[in-house]
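Heads up, the thing below is written out as structure tokens.
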Amino acid sequence: MDKKQLLALSIWATLIALAFSWLATTVPIRSDLSHFLPASSNPIEKVLQQKLREGVASRLILIGIDGGLLQQRVNASQQLRQRLLKQQLFKQVENGTIDSFQADPLLFKYRYLLNETTTFTPEALQQAFKDRMQELTAPISSPFKKYLPQDPTSVYPTLLKQWLPPSQPNTVQGVWFSNNQQRALLIAETYAKGMEMDQQQEAINIIQQELNSIDSSGQLKLNISGPGVFAVHSRALIQGESQRLSALSSIAIMLILLLVYRSWRITILAALPLATAMLAGSCVTGLIFGELHGITLAFGITLLGVTIDYPIHLFSHLKKDETTTNSLRQIWPTLRMGVITTCIGYMVMATTDFRGLNQLGVFTIAGLLAGALCTRWLLPQLMGQGWQLNIGKSSILIPAFNLQAASALLIISLCSLLYITTQQSSIWQDDMSSMSALPKKLLQLDQEMRGQLNAPELSHLIILHNSNLEIGLQQAEKLESTLQALVKMESISGFDIATKYLPSQQRQQQRQERLPSSEVLSDNLQQALQGEQFRHGLFSPFLRDVAAAKKLPPLELDGLSETLVGQPLANLLSQEEDEWFLLIPLYGVKDAPQIAHLIEQTNSPSIHYLQLGEEGKQMTIGFREEIFSRSGWGVMAMSLLLLLGLKSLRATVLVMLPVFIAITLTVALLVLLGQKLTIFHLVALMLVVGIGIDYSLFFSRQEVSTEDSRRTFHALAVCTLSTSSVFTILASSAIPVLNAIGLTTAIGVIVSFLAAMVLSRRRE
Amino acid sequence: MGKSLHLLILLITLSLLSTQVAAKWGKSELMALLATAKNGEQRYTETKELAFLDIPVVTQGRLSFTPPDQMVKQVESPNPSRYEIDGNTITISSPGAERHVINMASHPQLHLFINTLKAVLSGDLRSLEKHYAIQLTGDRNHWQLQLTPLDNSLAKMIKSLTISGQKQTIKQMVTEENSGDRTTLTFHGNG
Chain D
1 MDKKQLLALS IWATLIALAF SWLATTVPIR SDLSHFLPAS SNPIEKVLQQ KLREGVASRL
61 ILIGIDGGLL QQRVNASQQL RQRLLKQQLF KQVENGTIDS FQADPLLFKY RYLLNETTTF
121 TPEALQQAFK DRMQELTAPI SSPFKKYLPQ DPTSVYPTLL KQWLPPSQPN TVQGVWFSNN
181 QQRALLIAET YAKGMEMDQQ QEAINIIQQE LNSIDSSGQL KLNISGPGVF AVHSRALIQG
241 ESQRLSALSS IAIMLILLLV YRSWRITILA ALPLATAMLA GSCVTGLIFG ELHGITLAFG
301 ITLLGVTIDY PIHLFSHLKK DETTTNSLRQ IWPTLRMGVI TTCIGYMVMA TTDFRGLNQL
361 GVFTIAGLLA GALCTRWLLP QLMGQGWQLN IGKSSILIPA FNLQAASALL IISLCSLLYI
421 TTQQSSIWQD DMSSMSALPK KLLQLDQEMR GQLNAPELSH LIILHNSNLE IGLQQAEKLE
481 STLQALVKME SISGFDIATK YLPSQQRQQQ RQERLPSSEV LSDNLQQALQ GEQFRHGLFS
541 PFLRDVAAAK KLPPLELDGL SETLVGQPLA NLLSQEEDEW FLLIPLYGVK DAPQIAHLIE
601 QTNSPSIHYL QLGEEGKQMT IGFREEIFSR SGWGVMAMSL LLLLGLKSLR ATVLVMLPVF
661 IAITLTVALL VLLGQKLTIF HLVALMLVVG IGIDYSLFFS RQEVSTEDSR RTFHALAVCT
721 LSTSSVFTIL ASSAIPVLNA IGLTTAIGVI VSFLAAMVLS RRRE
Chain P
1 MGKSLHLLIL LITLSLLSTQ VAAKWGKSEL MALLATAKNG EQRYTETKEL AFLDIPVVTQ
61 GRLSFTPPDQ MVKQVESPNP SRYEIDGNTI TISSPGAERH VINMASHPQL HLFINTLKAV
121 LSGDLRSLEK HYAIQLTGDR NHWQLQLTPL DNSLAKMIKS LTISGQKQTI KQMVTEENSG
181 DRTTLTFHGN G
């Protein structure tokens, strides 16, 4: 190794070491999935997404305990709840148990403003006293006993009952159970959001550990599900799969290179641009975004697999009588052109609203540039001289431009285009849940446990919005009668609404006015107490509380978050850019058109009826259309760049034509294979465009000699072989996203190679 | 002289005997005695003097205990109902109402109270000493056991429990709650 080599190597090694240590110490690797969901500009969609990602629903873990005896399951449920409540991670753990009752002071104070009907006629009071007497003399005393002097008509317990979820699970010994009693059920709410996967992972581990330590017999089986569990599972699956696949890919590429070049030195050197590319991609992404997403890393590394092409071009063109730098200079303009056009393609990705795709775009562009620079400036230094690829005179066929083959390809391509366009929208997959990496069993378990918990399915929703919360609440109260009418008509079985927990100030004031004066109430009480055995003066706290309630300032949202209505209110109310949104979930929807009709009749532009499945689809379609149009612009930009670089319209068309053929054929093949296209297919197609242009450019290069042509052909054949192997390995994955990208790219690369070979070769 | 000496010896012997008997009477002895009691069904009267009410509420019925874990309280008047306690669960049934089962883990105070009753009935001193300060007064023929809760959550509800009886038979159990409520459970023996 001479001085120059040593210098180059040491500069490179220093840079790599610096980059690596910077990455390791300062850039956090995120695992939060929300960046890989599209961001929306529609405020209603934003509210929905925010609820979905960060709302209470996203923080719930459903727990099921199977196996053992019934009593074992009951006891395990109780103990698990007690133990989890002691953990810092869990905000709430419910299994149907009601802890010793303690009224919330604020809500108790406001009970007469929160409850619908509070009539204190002598008859009503008399009935209340009869009921209380029965409760008092029962062998097991009521938990509300101590509140009797203050709340003889049981207004507060009635409120608590109203605030219970619309349908409660089946119980055994006061503990939630499935109807067949085979599974004890619990719901844990974590402080961490569903997408905060490290905390979710910890929560899952703790639940498992605690159950293990409770269950000494080892007969109980834990079932666990929920958004956080799904996220953790997906991550584990994708991580495991990516690691397995990249290991396989590395072995495949190494074998190919060893077979082709028959040199360890070359094989190892070929990995340098790839390694540099990955590190550069990570660093630049870290610098720009301040973080690096796990998925960016996994997909980005896959996409950077293309940088292995760069040294291949170089190696295949090395000759004995020429310095490495000289060989490189001959192919560099073509290589450079290819790299730049590919980068333009990823630029499209970097400018979408998908934060995850932004990162992926930046990662890939930085990586590609670094890989190319490494090939240009570092490899020649390290290669030294004297190594060459012995290319046999007749061992490789060099195809020339073939009019018949080209025409045939074009005709097939046009037929493909026709086929695709006649399929129209049915080629698209609009249901993103079908792209989920999760095993069907887990999704089934989730459905099953939700059914057993009688958890209402949230698919129909009314959204009401107003800049003023008070006016919004008043509108919601007006809407309540419409909703009750729908319940009566059996169009819906029930609904939840914020005004149930926080009535408008207007309504609270109306209730205050309806409360009897101290004199009237005192008289009514005297009448009702005739013949009763209650101690004299027992109910003076009741008189005092009603009198105080008449003077209370109306209850406001502030300060309610820590009370037991805090959670439902957080679910049903949301403020987005100075606008208040009231979410009104509808349960047991049987007649959607009837709902739509009645909502339309309210004639209010601020009340919307949403069917969530449909909304989700619309969001997916909108997002896909955006990516689609951006890809179109990307291809236009690439063509323009080529026109500038090649300075010939004919040459540009000749380069782009094979790409066009590759894309149409690939899409047609995917559709024929029964694949429904998603954004992931679109992203992979962008990769194919970049690779296709690269191949076309090399094939249409004006080589000096026949030997050079042979070498170009050799290089491209090796590139196609290695890239298609890597992506075929990816396509073997059962994870839909990896499968989509792998299959699309593998087919695309092979078709690109064939099309470029047939079309772009100059006439001999 | 001989006669008076005789009398003196007799008196001394008697007094020695009586101190011996007195020395042998204690918590452990009472518990051992209670453990030998037959656990059949007993009639009871329960009088609840509630702070909220002017007159006490009286109920009557039968109570039975089968060691170690089963207890049945059958209320006969005024409102018939049946409470079956088996291990950790209470099954409540009354005519015209749905039978329902509650788990005592969700009613820790009730759980502890029932366990106390069980421990007294089966003479389990160790379990009682875990939760109460125990004071025994009276003698074998008329004893009184006072239990004061040590446990915080129980102490919040119950001020004291006073159990009185004759030999191995429990006659009465008085529960005084902090709320001022007082429940007297009187046993009338078999039948």
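If you're matching them up, the sequences are chains D and P in order. The first sequence begins at 1 in our numbering and counts up by one. The second sequence begins at 1 in our numbering and counts up by one. Built from N, CA and C at the ideal position, the CB exists for glycine as well.
A distance below 8 angstroms between beta-carbons, with the five flanking residues on each side excluded, links Gln72 of chain D to the following residues of its chain, in chain order: Asp215, Ser217, Gln219, Leu220. The straight-line gap separating the alpha-carbon atoms of Asp545 of chain D and Thr89 of chain P is approximately 38 angstroms. Taking 8 angstroms as the CB threshold, Leu110 of chain P lines the interface with chain D. Shown here, Asp66 of chain D sits in a strand according to DSSP, grouped into three states. In terms of CA proximity to Val565 of chain D, D:Arg111 leads the group D:Arg111, D:Ala252, D:Val689. Residues of chain P with a Cβ closer than 9 angstroms to the Cβ of Leu136 of chain D are, in chain order, Lys48, Leu50, Phe52, Leu53, Val57. DSSP places Ala596 of chain D within a helical segment (H, G or I) once states are collapsed to three.
For Gln88 of chain D, no CB of chain P lies under 8 angstroms from its own CB, so it is not counted at the interface with that chain. Taking a cut-off of 8 angstroms on C-beta distances, the stretch 624-635 of chain D touches the stretch 342-359 of chain D, as three or more cross pairs fall below it. Counting only runs of 4 or more residues that sit fully inside the stretch 313-384 of chain D, the alpha helix (DSSP H) segments are 324-350, 355-373, 379-383, in chain order. Those residues of the stretch 538-549 of chain D placed with their C-beta closer than 9 angstroms to a C-beta in chain P are Leu538, ordered along the chain.
For Tyr112 of chain D, the enclosing alpha helix (DSSP H) covers residues 111-114. Neighbourhood of Val75 of chain P in chain D, by CB distance below 9 angstroms: Pro139, in chain order.
With contacts defined by Cβ atoms closer than 8 angstroms, Leu461 of chain D and Leu612 of chain D form a contacting pair. Non-local beta-carbon contacts of Lys171 of chain P in its own chain, meaning distances under 8 angstroms to residues more than five positions away in sequence, involve Ser164, Gly165, Thr186, Phe187 in chain order. At a cut-off of 8 angstroms between beta-carbon atoms, Arg83 of chain D makes no contact with chain P.
For Ser179 of chain P, the nearest beta carbon of chain D is closer than 8 angstroms to its own beta carbon.
By the Cβ rule, the stretch 159-175 of chain D counts as touching the stretch 81-97 of chain D, because three or more pairs are nearer than 8 angstroms. Under the three-state reduction of DSSP output, Lys91 of chain D falls in the strand class. In terms of Cα proximity to Lys109 of chain D, the closest of D:Ala548, D:Ile679, D:Asp694 is D:Ala548.
Annotated three-state conformation of Val589 of chain D is coil, per DSSP. DSSP places Leu222 of chain D in the strand class (E or B) of the three-state scheme. In this structure, Leu654 of chain D and Leu754 of chain D do not form a Cβ contact; the two beta carbons are roughly 15 angstroms apart against a cut-off of 8 angstroms. Neighbours of Ile102 of chain P in chain D, taken as residues at a C-beta separation under 9 angstroms, are given in chain order as Ile140, Gln173, Gly174. Any Cβ of chain D closer than 8 angstroms to the Cβ of Tyr44 of chain P would place that residue at the interface, and such an atom is absent. Membership of Pro149 of chain P in the beta strand (DSSP E) is indicated by the continuous run 142-149.
Within the same chain, no residue comes within 6 angstroms of Phe113 of chain P by CB-CB distance, once the 5 residues on both sides are set aside. Of all residues in the stretch 81-93 of chain P, those with a C-beta nearer than 8 angstroms to a C-beta of chain D are Ser81, Tyr83, Gly87, Asn88, Thr89, Ile90, Ile92, reading in chain order. For Ala406 of chain D, the secondary structure class from DSSP, reduced to helix, strand or coil, is helix.
When DSSP states are grouped into helix, strand and coil, Gln239 of chain D belongs to the helix group. With contacts defined as CB atoms closer than 8 angstroms, Glu189 of chain D and Leu80 of chain D fail to qualify as a contacting pair. Just measuring C-alpha positions, the residue of D:Thr563, D:Val520, D:Arg329, D:Pro380 sitting nearest Leu543 of chain D is D:Val520. The alpha-carbon of Gly240 of chain D is positioned some 22 angstroms away from that of Gly281 of chain D. Trp264 of chain D is classed as exposed because its beta carbon has fewer than 16 other beta carbons within 10 Å across all chains shown. Closer than 8 angstroms to the CB of Arg535 of chain D there is at least one CB belonging to chain P.
According to the DSSP secondary-structure assignment, Asn170 of chain D is paired through a beta bridge with D:Phe177.
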